[in-house]
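Worksheet: one structure, shown below.
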Amino acid sequence: MEDISERIQELQTQLETIQRSQRYREELRRKLEAAGQERERLAVVMDKERRDVEQMESWSLKELFVKVTDKEAQLEKEKEEYLQAAIALKEAEKEMEMIRFEVGVLEEKINKQESLQAELEELLRQREEDILRRNPDHPVKPVMQKIARLRQIERELVEALDRGGDVRLNLIEVGRHIHSAKSWSHNVMRNAMYRRRMIVEEVDGARLRLPKLRIEFVKFESELKEVFQFPEFKHWEHDQWGGLQRIQQLVQELSGLTQVFVQGFMRDLMVQKQLHNTLTLIDNLGHQITATLKRLDLERIRISEELSELEKKKQELLR
């Protein structure tokens, strides 16, 4: 048991070092990017100085008489500037090489993180089992149970966020078509027949995306139900569920409106009004989804922070 405890502490120290290495690696990558930009600038300068030297060497006597009175002095000056630019470029390349080497050293250390983390988790599991076998009422038991429960909630929140993100992306595509159709309805620079043809194409593009939008929404709704099964979210279900039902209604209304557009157009002013109403429905739907996703993400962040504190507490109890 003592050997396991020592190894756990050793692994935790190594992982903390790796985390610091990761932060330093990101700093080095920023430096490398800046050094690369400076290297490109110096390469341009050196190329210009090289061309200046070549140009001077190619001057004729007539050009020399007009432009300078001392070709050798001018040529030496140009060569000196070219040499300085070449040296600066070389130094910049050396600096980049050193940063790349340092990043490579860090990468070797960071690449061990996954295996070290796996070993640590296995040792913690063994220690947990041993502690609970010898002392079923150990203080670590309720902490572990709470961690397991929060992990489950976190997974459900992440899945709901993923599904909600898919709904939002599909809705953006539908809205893009309707917005384009509305723009065509106001485009007086085109004749009426051409405008209506373009509106039909855009509305049809939106209509064709509605089945996928509905499917993604049903998946999103299902994931939200999984979140609401946890008692701490019951009050939230009461606040949110009416809004989510409204989302479903908006999707259905949007489908009906776009089908009307495809089946037959009315007068231009009526078309503009219908498109405006449809776009308003899409905006309302988008705002509702965005608000729901924001709240889900805030809950995910809260759970993640609580889990981090519980993990620290668990490790302290297992020492």
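This note's numbering applies: residue 1129 is where the sequence shown begins, and numbers increase by one.
Quick reminder that beta carbons are idealized off the backbone N, C-alpha and C, glycines included.
- Bounds of the alpha helix (DSSP H) holding Q1241 are Q1241 to R1262.
- Look at the beta carbons and you see the segment 1165 to 1176 touching the segment 1202 to 1218: at least three pairs across the two are nearer than 8 Å.
- Residue environment analysis places G1232 among the exposed positions, since fewer than 16 neighbouring C-beta atoms fall within 10 angstroms of its C-beta.
- For E1144, the closest C-alpha among the options R1262, A1419 and Q1241 is that of Q1241.
- Following the DSSP letters along the chain, one finds Q1280 inside the alpha helix (DSSP H) bounded by residues V1268 to S1313.
- Counting along the chain, the unbroken alpha helix (DSSP H) around V1331 starts and ends at A1320 to F1356.
- With a beta-carbon spacing of about 6 Å, I1132 and L1251 fall inside the 8 Å limit used to define contacts.
- The distance from the Cβ of I1300 to that of W1312 is about 19 Å, inconsistent with a contact at the 8 Å cut-off.
- Ranked by how close their Cα comes to the Cα of I1146, the residues P1270, E1236 and R1296 have E1236 in first place.
- One Cα belongs to L1297, the other to K1422, and the distance between them is close to 15 Å.
- The Cβ-Cβ distance between R1153 and I1275 does not fall below 9 Å.
- Contact annotation: I1227 and K1269 have beta-carbon atoms that are not nearer than 9 Å.
- At the C-beta level, E1206 and E1225 stay beyond 9 Å of one another.
- Sorting V1355, F1358, D1294 and L1289 by C-alpha distance to the C-alpha of K1340 places D1294 at the top.
- Counting every other CB atom within 10 Å of its CB across the protein chains shown gives A1419 a total below 16, marking it as exposed.
- Taking every protein chain shown into account, the CB of I1410 has 16 or more other CB atoms within 10 angstroms, so this residue is buried.
- Of the residues E1138, R1428 and L1407, the one whose Cα lies closest to the Cα of I1306 is L1407.
- Rounded to the nearest whole angstrom, the C-alpha separation of Q1400 and A1309 is 9 Å.
- No Cβ-Cβ contact shorter than 9 Å links S1350 with R1428.
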